[in-house]
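Only one structure is covered here, and it is reproduced in the block below.
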Amino acid sequence: MWIYEKKLEYPVNIQKRDLKMAKSLLSQYGGPDSELSAALRYLTQRYTMPDEKGKALLTDIATEEMAHIEMISAMIFQLMQGATVEELKNAGMGGMFAEHDHALFPTDALGVPWTASYIEATGDYIADLESDMAAEQRARATYEHLMDLTNDPDVLAPLSFLRQREIVHYQRFKELRNYYLDKKI
Amino acid sequence: MNNYSLNKDYYNYVNNNYNQPLFSENANPSTVLDPYNGFIRGNMFPKLYNGYKIQKPFEIQPINEQAELLTYLDTYSFATTDLNLYLDVFPNDKDMIELFNQYRVEKNKILEQYEKKYGPILLNSNALLSYPWAWDDKPWPWENK
Chain A
0 MWIYEKKLEY PVNIQKRDLK MAKSLLSQYG GPDSELSAAL RYLTQRYTMP DEKGKALLTD
60 IATEEMAHIE MISAMIFQLM QGATVEELKN AGMGGMFAEH DHALFPTDAL GVPWTASYIE
120 ATGDYIADLE SDMAAEQRAR ATYEHLMDLT NDPDVLAPLS FLRQREIVHY QRFKELRNYY
180 LDKKI
Chain B
0 MNNYSLNKDY YNYVNNNYNQ PLFSENANPS TVLDPYNGFI RGNMFPKLYN GYKIQKPFEI
60 QPINEQAELL TYLDTYSFAT TDLNLYLDVF PNDKDMIELF NQYRVEKNKI LEQYEKKYGP
120 ILLNSNALLS YPWAWDDKPW PWENK
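Chains A and B are the protein sequences, given in the same order.
When you line the first sequence up against numbering that gives the first Met the number 0, it's residues 0 to 184, in that order.
When you line the second sequence up against numbering that gives the first Met the number 0, it's residues 0 to 144, in that order.
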């Protein structure tokens, strides 16, 4: 089971509304390499890990990814806070408003709804771990694109934190994959 | 976007440490950052740090005493999270287990102190021995401070 901690992993306090940035950030909320996909991918794959290391690592990284969903959600929520219909329309979010008003609905930055095929579980732990490594790299690249899109330090700070977490997760997945290959597990 | 492809930084980035195999049976990172410096970088292991766009990590600037104590809690909480992942892969690293437990104990102390002063973060907090029900008090994590 899970326990809720009523705080964020890293603080999000955005003072300036920026609807275009909010729309771009959807990429990490409901896109293929989003935090949502990552959390569910690792939670799905942990059942077919071959040993206790694998079960532990996938459980713990998935849990951290849930904290990242909450951070990204907080960023989108704060960037959109108090936006009028007119402002949403001008930022290209008229369609989103029609479907979801101010709700946080998981789509990618282009409005494509999140889908379970992003989970990528094969039951083959080497294939799964290598796919996880690639997913962390793609998410790292996405965070760089997102950082390219803003100069607001309130937005850059949490993005920079999240990007670095992708690098650490990539490293741990790689170490586990190398261990399995090395030990012929 | 490949506006950085001819930039020198790009090559530095490609050659960065994190992309090299670190794996060994008894990998023992010689140095681990302190919780605050690990937290602002998003990683406790200096060799794994790899910056992008920003010149140096953002310092946390708490707006009041509550935010300051929360930051203190965040840093120790983060330290245990990152060492936890490392230990999952390297469960025989005795020094790191010791460090993990040192941070875990400190985190629990700060947590208790925070909850006593500002209300519950966990549903098993003694701060819930209060009337009226304190769990639904502000602030919620996603709201601006």
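We put the CB at the ideal spot given by N, CA and C, even for glycine.
Open item on the list: For the stretch 68 to 93 of chain B, list every residue whose C-beta sits within 9 Å of some C-beta in chain A, in sequence order.
Closed with: Within the stretch 68 to 93 of chain B, L69, T70, L72, D73, S76, F77, T80, D81, N83, L84, Y85, L86, D87, V88, F89 and P90 place their CB atoms closer than 9 Å to a CB of chain A, listed in sequence order.
- [ ] Report, in whole angstroms, the separation of the C-beta atoms of A37/A and E69/A, which I expect to be a contact under 8 Å.
- [x] In this structure, A37/A and E69/A do not form a Cβ contact; the two beta carbons are roughly 13 Å apart against a cut-off of 8 Å.
Task: Residues of the stretch 145 to 176 of chain A whose Cβ lies closer than 8 Å to any Cβ of chain B, in chain order - done: Per Cβ criterion, the list reads M146, D147, P152, L155, A156, S159, F160, L161, R162, Q163, R164, I166, V167, H168, Y169, Q170, R171, K173, E174 and L175.
- [ ] Could you work out which residues of chain B lie near S72/A, taking near to mean beta carbons separated by less than 9 Å?
- [x] Within chain B, the residues whose beta carbon sits less than 9 Å from that of S72/A are W141, listed in sequence order.
TODO: Could I get the ranges of all uninterrupted alpha helix (DSSP H) runs contained in the stretch 2 to 35 of chain A, with 4 residues as the minimum, in chain order?
DONE: Qualifying alpha helix (DSSP H) stretches, in chain order: 18 to 29.
- [ ] Assess, as a yes-or-no matter, whether the stretch 36 to 55 of chain B is touched by the stretch 164 to 183 of chain A under the definition of 3 or more beta carbon pairs within less than 8 Å.
- [x] Contact between the stretch 164 to 183 of chain A and the stretch 36 to 55 of chain B is established, with three or more Cβ pairs separated by less than 8 Å.
Open item on the list: Just to confirm, is the Cβ distance from T74/B to F38/B under 8 Å?
Closed with: Against a cut-off of 8 Å, the Cβ pair of F38/B and T74/B comes out as a contact.
Task: Nearest candidate by alpha-carbon position, reference W139/B, set I120/B, E97/B, S124/B and L127/B - done: With distances taken between Cα atoms, W139/B lies closest to I120/B.
Task: Stretch-stretch touch, CB-based, cutoff 8 Å, three pairs: the stretch 42 to 51 of chain A with the stretch 5 to 23 of chain A - done: The stretch 42 to 51 of chain A makes no contact with the stretch 5 to 23 of chain A: fewer than 3 CB pairs, one atom from each, lie closer than 8 Å.
Open item on the list: Count Cβ pairs between the stretch 156 to 163 of chain A and the stretch 51 to 60 of chain B that sit closer than 8 Å; are there 3 or more?
Closed with: Yes, since at least three Cβ pairs between the stretch 156 to 163 of chain A and the stretch 51 to 60 of chain B fall closer than 8 Å, the two stretches touch.
Open item on the list: Is it buried or exposed, S116/A, if we count other Cβ atoms within 10 angstroms and call 16 or more buried?
Closed with: Exposed, by the Cβ-count rule.
Task: C-alpha gap between R164/A and G53/A, whole angstroms - done: C-alpha of R164/A to C-alpha of G53/A: approximately 18 Å in a straight line.
TODO: Taking only the alpha-carbon atoms, compute the straight-line gap between Y103/B and T149/A and give it to the nearest angstrom.
DONE: The sequence shown places Arg at residue 103/B, rather than the Tyr named in the question. Going from the Cα of R103/B to the Cα of T149/A covers about 36 Å.
TODO: Closer than 7 Å by C-beta to L128/A: which residues in its own chain qualify, once you throw out the five before and the five after it? Chain order, please.
DONE: Closer than 7 Å at Cβ, skipping near neighbours: F172, L175 and R176.
Open item on the list: Using 8 Å as the threshold, is the C-beta distance between A108/A and S26/A below it?
Closed with: When the beta-carbon positions are compared, A108/A and S26/A come within less than 8 Å of each other.
Open item on the list: With the cut-off set at 8 Å, would you say A134/A and D32/A are in Cβ contact?
Closed with: The criterion of a C-beta distance shorter than 8 Å is satisfied by A134/A and D32/A.
TODO: Could you check what DSSP says for T80/B in three-state terms: helix, strand or coil?
DONE: In the structure shown, T80/B sits in a helix (DSSP, three-state: H, G or I).
- [ ] Could you have a look at P140/B and say whether DSSP puts it in helix, strand or coil?
- [x] Of the three classes helix, strand and coil, the one that applies to P140/B here is coil, per DSSP.
- [ ] Tell me, please, which residues DSSP counts as bridged to T106/A.
- [x] Answer is P112/A.
Task: Beta-carbon proximity of L57/A to R16/A, cut-off 8 Å - done: Taking 8 Å as the cut-off, the Cβ atoms of L57/A and R16/A do not count as close.
Task: Neighbouring residues, chain A, relative to F57/B (Cβ below 8 Å) - done: Going along chain A in sequence order, the residues near F57/B (Cβ under 8 Å) are P152, L155, A156 and S159.
Task: Status (buried if at least 16 other CB within 10 Å, exposed otherwise) for K183/A - done: It counts as exposed.
Open item on the list: I'd like to know whether the C-beta atoms of L84/B and K116/B end up nearer to each other than 8 Å.
Closed with: For L84/B and K116/B, no; Cβs fall outside 8 Å.
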